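Sequential numbering from 1 applies to the sequence shown in this note's numbering.
Virtual Cβ for every residue (Gly too), placed ideally from N, Cα, C.
Keep in mind the model is a prediction, meaning the values are calculated, not measured.
Notes follow once the structure below has been shown.
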Amino acid sequence: MVGLLSLSLLSLLVGVPAFSAAAPEQEVILDTPVRTMEGWSYINCGLPTDVVQVKSISVSPDPPKPGKNLTLTAVGTVNEVVKVGAYADVTQFDICHEASAANASIQCPVDAGDYTVVQTVALPNEIPRAKFSINVRGYTVDDEDMLCLDLKVDFMQSPFPRIF
């Protein structure tokens with residue numbers, strides 16, 4: 001529905017009818033849903049050789065709201081054991097220590113396998129009404145690439161009401 005609406009709005013803006021019969025060479029096929037920057041987005045910038053393969057990330061509420069709990073669900077595969085000492089370079093923090101301190105459902109060492117991690121955090125009401133870009137680079141204890149994510153979160157209030 002959102003993809004169809006987005007395609008319709010795009011065609012209105014460029015002056016092309018949205019539902020006209022297009023010639024095969026003009027046909028556009030979208031393999032993934034179109035997601036506008038209403039609140040957050042992510043890009044998996046990892047390599048196929050990374051220790052952690054992120055399959056999906058979702059948040060609730062979507063979009064995130066200051067002063068509310070945020071539940072993050074991440075689905076992925078761990079291809080090698082992640083040992084104590086593995087870290088993420090955001091402002092560099094020990095992921096095993098942080099998982100322990102947050103009482104996360106997965107604790108180090110993390111064995112190879114498929115995982116779904118669900119974690120809820122309280123977002124402070126004082127979050128500045130701004131757009132944030134967070135570049136996450138994760139490394140094993142041996143400094144091998146573990147994962148790569150680029151996150152964008154928009155806490156600016158939209159001047160347009162959300163109608164669906």
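Below 8 Å, how does it come out for the stretch 137-154 and the stretch 116-123: are there three or more Cβ pairs, yes or no?
no
Exposed or buried, what is Val153 when buried is set at 16 or more other beta-carbons lying within 10 Å of its beta-carbon?
The sequence position of residue 153 within the sequence shown is 153, counting from 1. Flag for Val153 reads buried.
Need the endpoints of the alpha helix (DSSP H) that Cys96 sits in, please.
Numbered from 1 along the sequence shown, position 96 holds the residue referred to as residue 96. Looking at the DSSP string, the run of the alpha helix (DSSP H) that includes Cys96 is Ile95 to Ala101.
For Pro66 and Ile127, what's the separation of their Cα atoms in angstroms?
Reading the sequence shown from its first residue, position 66 is the one you call residue 66. Reading the sequence shown from its first residue, position 127 is the one you call residue 127. In a straight line, the C-alpha of Pro66 is about 6 Å away from that of Ile127.
Tell whether a beta-carbon distance below 9 Å holds between Asp145 and Thr49.
The residue labelled residue 145 in the question sits at position 145 within the sequence shown. The residue labelled residue 49 in the question sits at position 49 within the sequence shown. Going by C-beta atoms, Asp145 is nearer than 9 Å to Thr49.
Can the beta-carbon of Pro61 be found closer than 9 Å to that of Leu70?
In the sequence shown, the residue the question calls residue 61 occupies position 61. In the sequence shown, the residue the question calls residue 70 occupies position 70. In this structure, Leu70 lies closer than 9 Å to Pro61 by Cβ.
Going by DSSP, name the residue or residues bridged to Thr120.
Stepping through the sequence shown from its first residue, residue 120 is reached at position 120. In DSSP, Thr120 forms a bridge with Thr71.
Comparing alpha-carbon positions, which option in Val110, Ser105 and Pro109 lies nearest Val118?
As a working mapping, residue 118 is identified with position 118 in the sequence shown. Cα-wise, what sits closest to Val118 is Ser105.
At the level of alpha carbons, what is the spacing between Cys197 and Asp114?
The requested residue 197 does not occur in the structure, where the chain is confined to residues 1 to 164.
Going by other Cβ atoms of all chains shown within 10 Å of its Cβ, with 16 needed for buried, is Pro109 buried or exposed?
Your numbering for residue 109 matches position 109 in the sequence shown. Exposed is the call here.
Assuming Ala102 and Ile95 form a contact by the criterion Cβ under 8 Å, report the distance between their Cβ atoms to the nearest whole angstrom.
Reading the sequence shown from its first residue, position 102 is the one you call residue 102. Reading the sequence shown from its first residue, position 95 is the one you call residue 95. Wrong, their Cβ atoms sit about 10 Å apart, outside the cutoff.
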